[in-house]
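Asker: Under the UniProt record's numbering, the first residue of the sequence shown is numbered 1, with each subsequent residue one higher.
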Amino acid sequence: MTEAEKIAATLEIHALKARYFRTMDMKDWAGLEATFAPDLIADFRESTGEPDESQLTHGAAPYVAKLAPILEHIQTVHHGHMPEITIESPDRATGIWAMEDKLWVQEGSPLPFKWMHGYGHYHERYVRIGGEWRIQEIRLSRIRVDVG
């Protein structure tokens with residue numbers, strides 16, 4: 001790949017991640033699912049403070065189907081910062097994003113807290129399918145979580 005092609009791919013991945021955050025916060029579940037490869041591996045086992053094997057999901061549709069009801073009664077704001085993107089080939093890339101999320105829990109949510117402010121990193125693998133970049137693997141590692 002030329003440097004120009006790598007730069008273009010990097011910018012496309014930036015836009016993909018922006019769509020991921022926006023569609024999640026807007027509860028646009030079809031839009032969120034479209035940011036993932038169908039064979040997504042979503043690994044959030046270490047994201048809640050206690051290891052939780054139930055937070056490993058295979059497949060974009062099952063992941064979104066699991067996530068949507070959890071977030072139904074939660075207002076969220078997600079931000080991604082300082083991406084480290086490595087273009088491995090014309091159709092493969094990896095990335096690490098510093099992240100911050102805020103959750104405000106509303107009546108009817110199963111979560112045991114009223115608000116959360118988290119910090120950490122997304123570790124991702126990307127694949128280009130039909131000319132468009134998709135998230136193929138996503139893992140969240142947390143540095144800190146404040147709850148109240």
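Built from N, CA and C at the ideal position, the CB exists for glycine as well.
Less than 7 Å between C-beta atoms, sequence neighbours within five positions excluded: which residues of the same chain meet that for K27?
Answerer: Here the question's residue 27 lines up with position 27 in the sequence shown. Answer for K27: L71, listed in chain order.
Asker: Could you give the DSSP three-state label for K102: helix, strand or coil?
Answerer: Taking the sequence shown and counting its residues from 1, the one referred to as residue 102 is at position 102. Strand at K102.
Asker: In the DSSP assignment, the beta strand (DSSP E) including M82 goes from what residue to what residue?
Answerer: Indexing the sequence shown from 1 puts residue 82 at position 82. That run of the beta strand (DSSP E) goes I74 to S89.
Asker: Would you kindly work out how many angstroms separate the C-alpha atoms of Y63 and Q136, rounded to a whole number?
Answerer: As a position in the sequence shown, residue 63 is number 63, starting the count at 1. As a position in the sequence shown, residue 136 is number 136, starting the count at 1. Between Y63 and Q136, the C-alpha separation is close to 12 Å.
Asker: Could you check whether A60 and L40 sit closer than 8 Å to each other, using their CB atoms as the reference points?
Answerer: Locating residue 40 in the sequence shown gives position 40, counting from the first residue. Locating residue 60 in the sequence shown gives position 60, counting from the first residue. Taking 8 Å as the Cβ cut-off, L40 and A60 qualify as a contacting pair.
Asker: Check T23 in the structure and name its three-state DSSP category.
Answerer: By one-based count along the sequence shown, residue 23 stands at place 23. Looking at T23 - three-state DSSP - the assignment turns out to be helix.
Asker: So, for V127: in the same chain, excluding its five sequence neighbours on each side, which residues have a beta-carbon less than 7 Å away from its beta-carbon?
Answerer: In the sequence shown, counting from the first residue as 1, residue 127 sits at position 127. Within the same chain, V127 has close Cβ partners A37, D91, R92, R134 and Q136.
Asker: Name, in chain order, the residues that DSSP records as bridge partners for H117.
Answerer: Working through the sequence shown from its first residue, we reach residue 117 at position 117. Answer is K102 and D146.
Asker: Measuring CB atoms only, is the segment 1–20 touching the segment 103–117, in the sense that at least three cross pairs come out at less than 8 Å?
Answerer: The segment 1–20, when compared against the segment 103–117, does not touch it at the 8 Å Cβ threshold.
Asker: At the level of alpha carbons, what is the spacing between H78 and P112?
Answerer: The residue you call residue 78 lines up with position 78 of the sequence shown. The residue you call residue 112 lines up with position 112 of the sequence shown. Going by the C-alpha atoms only, they are around 20 Å apart.
Asker: Going straight from the alpha carbon of R125 to that of W115, what length do you get?
Answerer: For the purposes of this step, residue 125 is taken as the residue at position 125 of the sequence shown. For the purposes of this step, residue 115 is taken as the residue at position 115 of the sequence shown. Their Cα atoms are separated by approximately 30 Å.
Asker: Relative to the C-alpha of G118, which residue among E88, G80 and T94 is closest?
Answerer: For the purposes of this step, residue 118 is taken as residue 118 along the sequence shown, with counting starting at 1. When only C-alpha atoms are compared, the closest one is G80.
Asker: Rounded to whole angstroms, what is the Cα-Cα separation between D52 and S141?
Answerer: Residue 52 sits at position 52 when you count from the first residue of the sequence shown. Residue 141 sits at position 141 when you count from the first residue of the sequence shown. Rounded to the nearest angstrom, the two C-alpha atoms are 13 Å apart.
Asker: Answer with buried or exposed for H121, where buried requires no fewer than 16 other C-beta atoms within 10 angstroms of its C-beta.
Answerer: As a position in the sequence shown, residue 121 is number 121, starting the count at 1. When all chains shown are included, H121 counts as buried.
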